[in-house]
Structure formats: structure tokens, C-alpha cells
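Residue numbers (my numbering): 89 to 375.
Shown next as C-alpha cells:
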């Protein structure tokens, strides 16, 4: 299947969602307990295209939507693309989708964003599943392949490489093993660059809230969380190395350990069924 057909097929699985500030597209598969999946960068809801049916097969409703500036979401020039701004928008998106209570999956910068969502609406979260992400943001340094995006000028030139087969090499090195085809990997680039050529994505990359204030807010939110939680980590992630980034999250959530599965940073590509199984087991404890 060509890159464009892959993108079109994914688009057609979803429907528009009207959200104040930036409209988006939402995908829902299955029935039962709603499980909301938040993505990171340079991805979109497309990252969960295998996880949604895995959740549906376990009797849950898998749900994802694109953050502003990414995928099929609007990319307004005047928008707060900080983690706090994306968290505020996410609460509005959950309201627009009429999701009162739900189980939450977070990944990459969807982690800090999701932690801030928990801070804002803790009583609506029924369980939390954490995939490869970061909690101690004040000391966080972007992975080497993402750092250039944060700088004006350099970021734009680095971004243009994602229009070429270079994206395949980058994603295979950092993101995934053999889960996706090369055309599926190139679909990530097509979704990232559509409409604005990636301008909004660059704003997101320059808006990371790596401050003590933000870190304290999200760490406190996790420490106060009273619902079941777990972590699933792609054990071969070279960007967010498991033994460095997982323990602080375990500590905040008071977890003894985490589930290790086959995968690099975009673990959803290589272990979607294992993720679905672990989430089903966690959700079962809440029913």
C-alpha cells in the first residue's frame, strides 16, 4: 500500500471532533471501558492504529485523537503549544468527545501532557498506563535525533529530511524494530508535514516546559493518584533508556516494577498485543 493510501485509510477510520481552539480527528474502536491513548512527537494518533484493535479485541473501546499541530488536527498559528496548553486542550477534547471517566495511556510528551491532565481532572481517571516517557522534566535533555528541531533555522532544515527516506533510517534506529513497513514509517512523515510543512510541530518542540515548577506539579499529581497504575516499557528504547527514565515514574506511582516488552521508543509498533493484554488486566481490576 502506498504512503498516501496508508494515510487515507487511517483518516477514514476516524471522524472529526470539534474542540475549542483547534479541531481534530478522533478514532474509536470497540465497545466497553473507554481507554484514551495520548501520543507524543513526532507522531500522531496514527501511532495507536494497532493498539486500538488490540484493545477492542479485549472488550474495551480504544480511543485516540491528534494533538493540535500534529496529524489531522488543526495547526493554528496562535495557539499555546506548551505542555500545559496541550493539557488544557486535551481536557476540552475529552469533554467534546463526551468522555466522563476513562482509562488513560500516555507516551512520549503525551506523558507530561497526560500527567498535567491528571492534575486537572483526577476524578475522571479510572486507571493509568505509562509507556516510554519522562517525568523528571527539569533535568530532561531531548534525544539526539530530536534536539535539532528545537532550534530556529536548524530545526526547519532537519525537518525537511523527514520528506526523504532518511525518516526510515531515523525511525528504525530509535523508534521501532520490524513492526511497521517502510511505507508506514514514511506515513509518519506525511502526517507530520501536512498542511503547514511542520511549522506547528517545531513550535511544540520549542515549548517544552522543562521547569521545576511544572515538574513539581506533575510529580505531585502522580503521587496523589489513587487509581490502579502500571508502566510498560519498550526495553530497547535508545532515546528514553529504560533504566534511567522508568524508576522515577515507579517511585512517584509507588510501583515495585514495570512490564518490559519488545520495542524501541515507539513500542506500540512492535508490541501492540502485549500492550493490549496488560491494559486489559489492569482495567479488569477496576470493574
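Heads up, the beta-carbon is just placed ideally off N, CA and C, and yes, glycines get one too.
Count the other CB atoms, across all protein chains shown, that sit within 10 Å of the CB of residue i; report buried if there are 16 or more and exposed otherwise.
i	result
residue 296	buried
residue 217	buried
residue 318	buried
residue 342	exposed
residue 160	buried
residue 232	exposed
residue 375	exposed
residue 90	exposed
residue 334	buried
residue 252	exposed
residue 100	exposed
On the premise that residue j lies in contact with residue i, defined as a C-beta separation below 8 angstroms, what is that separation, rounded to the nearest angstrom?
i	j	result
residue 141	residue 121	Actually they do not touch by this definition, with Cβ atoms about 15 angstroms apart.
residue 286	residue 279	Actually they do not touch by this definition, with Cβ atoms about 10 angstroms apart.
residue 168	residue 110	Incorrect: roughly 10 angstroms between the Cβ atoms, too far for contact.
residue 243	residue 357	Wrong, their Cβ atoms sit about 25 angstroms apart, outside the cutoff.
residue 108	residue 180	5 angstroms
residue 223	residue 336	5 angstroms
Enumerate in chain order the residues of its own chain whose CB-to-CB distance from residue i is below 8 angstroms, with the five nearest sequence positions on each side excluded.
i	result
residue 312	210
residue 256	270, 273 and 274
residue 246	236 and 237
For residue i, does the three-state DSSP call read helix, strand or coil?
i	result
residue 366	helix
residue 346	coil
residue 211	helix
residue 166	coil
residue 335	helix
residue 302	helix
residue 121	strand
residue 193	strand
residue 221	strand
residue 375	coil
residue 376	Residue 376 is absent from the model: the chain starts at 89 and stops at 375.
residue 99	helix
residue 326	coil
residue 216	strand
residue 54	One cannot answer for residue 54 here, as it falls past the ends of the chain, which runs 89 to 375.
By Cβ distance below 7 angstroms, which residues in the same chain neighbour residue i in space, the five residues on each side in sequence not counted?
i	result
residue 98	134 and 137
residue 95	275, 278 and 279
residue 194	126, 202, 218, 219 and 221
residue 175	201, 204, 205 and 208
residue 226	298, 299, 300 and 303
residue 258	233
residue 230	238
residue 307	223 and 340
In chain order, what residues of the same chain have a beta carbon less than 6 angstroms from the beta carbon of residue i, not counting five sequence neighbours either side?
i	result
residue 366	320 and 347
residue 158	132
residue 212	189
residue 364	142, 143 and 146
residue 124	151, 190 and 192
Open item on the list: Within 8 angstroms, do at least three Cβ pairs link the region 176–184 to the region 143–150?
Closed with: No, they do not touch.
- [ ] Count the C-beta pairs between the region 351–362 and the region 321–334 that are closer than 8 angstroms, then say yes if the count reaches three, no if not.
- [x] The region 351–362, when compared against the region 321–334, does touch it at the 8 angstroms Cβ threshold.
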